[in-house]
Amino acid sequence: MTDKKKLKRDTITSHAGRDPLRFDGVVNTPVYRASTVLFPDVESYQGRDPDDYKVMRYGIYGTPTTFALEEAVAQLEGGHAAVALPSGLAGIVAALAAFARSGAHILIADSVYQPTRNFCDKRLRPLGVDIEYYDPLIGLAIAGLIRPETTAVFCESPGSHTFEMQDIPAIAAAAHAKDIPVLVDTTWGTPYFFRAFEHGVDISIHAGTKYISGHSDVMMGIVVTNERYWLTLRRAVADYGYCVSPDDCYLALRGLRTIGVRMRQQQQSALKIARWLQARPEVLRVLYPALEGDPGHTIWKRDFSGAASLFGVILKPVSDQAVTALVDSLDLFGIGSSWGGFESLAIRAYPEKYRSATQWNPGGPLLRLHIGLEDPDDLISDLEQGFAQMHRAG
Ligand SMILES: Cc1ncc(COP(=O)(O)O)c(C=O)c1O
282 MTDKKKLKRD TITSHAGRDP LRFDGVVNTP VYRASTVLFP DVESYQGRDP DDYKVMRYGI
342 YGTPTTFALE EAVAQLEGGH AAVALPSGLA GIVAALAAFA RSGAHILIAD SVYQPTRNFC
402 DKRLRPLGVD IEYYDPLIGL AIAGLIRPET TAVFCESPGS HTFEMQDIPA IAAAAHAKDI
462 PVLVDTTWGT PYFFRAFEHG VDISIHAGTK YISGHSDVMM GIVVTNERYW LTLRRAVADY
522 GYCVSPDDCY LALRGLRTIG VRMRQQQQSA LKIARWLQAR PEVLRVLYPA LEGDPGHTIW
582 KRDFSGAASL FGVILKPVSD QAVTALVDSL DLFGIGSSWG GFESLAIRAY PEKYRSATQW
642 NPGGPLLRLH IGLEDPDDLI SDLEQGFAQM HRAG
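Per this note's numbering, the sequence shown starts with residue 282, numbered consecutively.
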């Protein structure tokens, strides 16, 4: 009998979350649509265990389609269990809310995804939660910020606009010494390239909208926890009434089956394009931890087994109009939110607008590129003509 704990990640993505013998031999767990679930008698209906979130009892708690996705992601990442939510942001909200109460103190990395900050400032603060932003590069020194009323440390590594790598094992060591849980937005690392639980993470939050689904057609959050924090998180999700459609779970699980080949290919193309950009006269710096020489490279190499295809490009100072001309002239890069799909994207980013604990002075305008599955040479040609347009406009 195969020991499931020893399986490599590509075997897990092919096999986890399916049980064909249970579904008439069908390879993929079918789409189960359900609100009401019927029970054979009063005793079995009344005897339901409220903390057993992996059996059918009412549609809001999921169906076999939901459970299949949750099980596959948890197994790939090496966590205890997972819960699917309607968006990545809903995953962040539920995870933070699970540790929020009036008088609680929560530490948030200054580099977080802006809507995370928005939720903390606009929703948690008015309820009496003390939100403190910290330098993402703080490492072990986070110990000095932890107070008796601290209930959680929230990280995002790397930050999805500035690509600063956090030393998660060091932060976790400091937080755990005071029995504080560490919550991490691991969307960039994915459960494929970052086995969060081996690095001290207690709760790992994914925008499944990105690489897990992978095809720009699903909104999804997936939060994975260790055993200790499973019920804390899962009960909060239940209390907030979050649930996800089985069709979306089916699509996300279909995406997960190919996450390995997609991510390896996208990483290879991203590296090629990032290196080409580094050599361009218009570029000041490329923010990509997978590049040798990036300030986060050592941590990335130590903790991750690969890199997402999302990175930043700081241009040498140039007019706003010229940067806009560059982005507008790109044919193969779409302009739009999100990332992790099969298609390339380019946006301008302004992280300096949101920092509060630290300063972000990159020295020039920042572009964020997501590299999809197109041929990288075509993408390079597109960027090359984009730079020509930038010079004409600038
Ligand atoms: C780092 C990061 N976390 C979370 C999210 C939120 O995901 P969603 O768009 O599914 O709400 C995003 C979305 O862009 C993101 O970039």
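We treat Cβ as the ideally placed atom computed from N, Cα and C, and that holds for glycine. Fair warning: this is a prediction, and the values are worked out from it, not measured in the lab.
Look up residue i in the DSSP assignment and say whether it is helix, strand or coil.
i      : result
Arg329 : coil
Arg404 : helix
Glu445 : coil
Cys635 : Reading off the sequence shown, one finds Tyr at residue 635, where the question assumed Cys. Three-state result, Tyr635: coil.
Val374 : helix
Ile540 : helix
Ser695 : The first residue shown for the chain is 282 and the last is 675, placing residue 695 beyond what the model contains.
Asp575 : coil
Arg629 : strand
Asp612 : coil
Glu430 : coil
Ile461 : coil
Val323 : helix
Ser618 : coil
Thr506 : strand
Leu357 : helix
Ser485 : strand
Val308 : coil
His496 : coil
Arg398 : helix
Cys524 : coil
Ala390 : strand
Glu437 : strand
Asp300 : coil
Leu418 : coil
Whole angstroms are fine: how far does the CA of residue j sit from the CA of residue i?
i      : j      : result
Leu654 : Ser325 : 50 angstroms
Val323 : Thr539 : 43 angstroms
Met501 : Asp658 : 31 angstroms
Tyr473 : Thr579 : 19 angstroms
Ala355 : Gln547 : 23 angstroms
Gln640 : Pro331 : 46 angstroms
Gly425 : Val482 : 19 angstroms
Arg583 : Pro321 : 53 angstroms
Gly574 : Ser590 : 17 angstroms
Pro643 : Val505 : 34 angstroms
Val465 : Arg673 : 43 angstroms
Leu558 : Thr344 : 46 angstroms
Ala379 : Phe478 : 19 angstroms
Asp448 : Ala349 : 32 angstroms
Leu357 : Leu405 : 32 angstroms
Pro527 : Ile652 : 29 angstroms
Arg314 : Ala560 : 52 angstroms
Gly369 : Leu514 : 15 angstroms
Thr468 : Gln666 : 31 angstroms
Leu613 : Ser662 : 10 angstroms
Tyr394 : Asp305 : 43 angstroms
Val608 : Ile554 : 16 angstroms
His693 : Pro450 : This structure does not reach residue 693, given that the chain is present from 282 up to 675, and the question cannot be answered.
Kindly give me the distance between the Cβ atoms of residue i and residue j, rounded to whole angstroms, as I take these residues to be in contact under 8 angstroms.
i      : j      : result
Leu647 : Arg629 : 7 angstroms
Ala363 : Ile484 : Not confirmed; about 10 angstroms, so no contact.
Gly593 : Arg649 : 5 angstroms
Thr471 : Leu568 : With 8 angstroms as the limit, Thr471 and Leu568 do not qualify as a contact, their Cβ atoms being about 18 angstroms apart.
Ala638 : Asp411 : Between Asp411 and Ala638 the Cβ distance is about 14 angstroms, and since that is not below 8 angstroms, they are no contact.
Leu626 : Trp620 : 6 angstroms
Leu664 : Val518 : The Cβ separation is near 41 angstroms, so there is no contact.
Tyr697 : Thr346 : In the structure as shown, the chain begins at 282 and stops at 675. Residue 697 is therefore absent and cannot be evaluated.
Gly622 : Ser497 : 3 angstroms
Val434 : Leu377 : Actually they do not touch by this definition, with Cβ atoms about 11 angstroms apart.
Leu534 : Gly298 : 6 angstroms
Met671 : Ala571 : Wrong, their Cβ atoms sit about 25 angstroms apart, outside the cutoff.
Which word fits residue i, buried or exposed, when buried means at least 16 other C-beta atoms lie within 10 angstroms of its C-beta?
i      : result
Leu421 : exposed
Ala226 : In the structure as shown, the chain starts at 282 and stops at 675, and residue 226 therefore has no counterpart that could be examined.
Leu319 : exposed
Ala456 : buried
Val307 : exposed
Lys403 : exposed
Arg543 : buried
Ser383 : exposed
His487 : buried
Met282 : exposed
Thr292 : exposed
Pro576 : exposed
Gly617 : exposed
Ser600 : exposed
Asp669 : Reading the sequence as shown, one finds Ala at residue 669 and not Asp. Ala669 comes out exposed.
Lys597 : exposed
Arg428 : exposed
Please determine whether the Cβ atom of residue i lies at a distance below 8 angstroms from any heavy atom of ligand 3.
i      : result
Glu624 : Absent from the structure shown: ligand 3. Ligands present: ligand 1.
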